[in-house]
Every structure is written in structure tokens, then in C-alpha cells.
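*Asks:*
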Amino acid sequence: MKILVVLSLLLVATSAKIFERCELARTLKGFGLDGYHGYSLANWVCMAFFESSYNTSAINHNMKDKKIVSTDYGIFQINSKWWCNDRKTTHCHNICGTRCTNLLNDYLNDDCRCAKIIVTKSRGMKAWVGWKNNCKGKNINRFVHGCQL
Ligand SMILES: *[C@@H]1O[C@H](CO)[C@@H](O)[C@H](O)[C@H]1NC(C)=O
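Numbered per this note's numbering, the sequence shown spans residues 15 to 163.
(1) Mapping the DSSP letters down to three states, classify Val83 as helix, strand or coil.
(2) Less than 7 angstroms between the beta carbons of Tyr87 and Leu118, yes or no?
(3) Provide the residue(s) that pair with Asn69 in DSSP beta bridges, ordered along the chain.
(4) With respect to the alpha helix (DSSP H) encompassing Thr112, which residues constitute its N-terminal and C-terminal limits?
(5) The alpha helix (DSSP H) spanning Ala141 covers which residue range?
(6) Could you check whether Ala39 and Leu55 sit closer than 7 angstroms to each other, using their CB atoms as the reference points?
(7) Hey, could you find the ends of the alpha helix (DSSP H) Asp100 is sitting in?
(8) Note the first and the last residue of the continuous alpha helix (DSSP H) segment covering Arg156.
Right, dumping it as C-alpha cells:
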């Protein structure tokens, strides 16, 4: 019984969450993304919206010939082929040096650390299709509008 209580507390402590827009903006700013590699905070919030709808536990598989070739994890949909290790993607590079499952909780320090590596090594945010198709060159002020930053 005690073990059960401890286990469920642990689950709650590391559980997924859907961030509010301004809460996410403040959190990303706190981890140094505002202006990182020349991208304003609105770019990062916009990217997270189109990649995961602010869902920290979002998981999406990338398929080829009906097989999973890699998986995208978390609020920034970080890919297991290049950036994190999920122990099931072949020829994985794990450039961020982290387990992909670490990117599914509501503590975004590791997600932001990896996003900084991605934007640097990929020479920009075009690494994120959600950003490229929906945020790049668009009026994205609404993503931080009204937020107390
Ligand atoms: C968040 O993502 C998880 C994993 O894909 C999913 O099970 C859950 O329903 C999502 N939450 C919302 C509110 O969309």
C-alpha cells in the first residue's frame, strides 16, 4: 500500500501537462530561449503550438513502408533519429545525449537545452516543419501577446 502511494505520487510529479500559452512563454524565457540564435520568444511558442499544441507528452511516429523509422517526443517534438535515444531507433545519433522519455514530462529544462543544440546544429528553426510552415515570416506576435514576461 505504501509503495502504491509513493508510486502514484511519483507519477503525478512527473506527469504530462498541457501548458497555457503565457505560462509556456514565461518558462521558455526562463530557460533562455528568448532571442536564442536570433529567434524571438514568439517563434519558440509558435513552434511549440504547431508541433505539439503545448502538450508535453506528445508522441508521433514517423512511418516508412508501414514501419516506424523514428519518433518525435514532447513539446518540441524532438526526433529520435538525430537528437535523443529511445533505444528502438536504428542508427540513432543522440546528439543531445538524453533519453527521449526525459522529454515527455513537464520539466522543460532538458527540452530547452536540446532545442538550443538543434537550432545551432541545424542552422536555424527550419528543423521544425511546424515552424517553417506556420510561423516563419508570419505575424506571430499573438503567441506572446498579453503575457507578463
Ligand atoms: C497529449 O499527448 C498524449 C500522447 O500523445 C495524448 O495521449 C494526450 O491525449 C494528449 N493530450 C491532449 C489534451 O491532447
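Heads up, the beta-carbon is just placed ideally off N, CA and C, and yes, glycines get one too.
Please read all numbers here as calculations on a predicted model, not as lab measurements.
*Replies:* Short version:
(1) strand
(2) yes
(3) Looking at the DSSP output, Asn69 shares a beta bridge with Ile32.
(4) Counting along the chain, Thr112 falls outside any alpha helix (DSSP H), and DSSP gives it neither H nor E.
(5) In this chain, Ala141 is not harboured by any alpha helix (DSSP H), its DSSP state being neither H nor E.
(6) When the beta-carbon positions are compared, Leu55 and Ala39 come within less than 7 angstroms of each other.
(7) Taken as a continuous stretch (DSSP letters only), Asp100 belongs to no alpha helix (DSSP H), as it is neither H nor E.
(8) First-last for Arg156: undefined, no H or E at that position.
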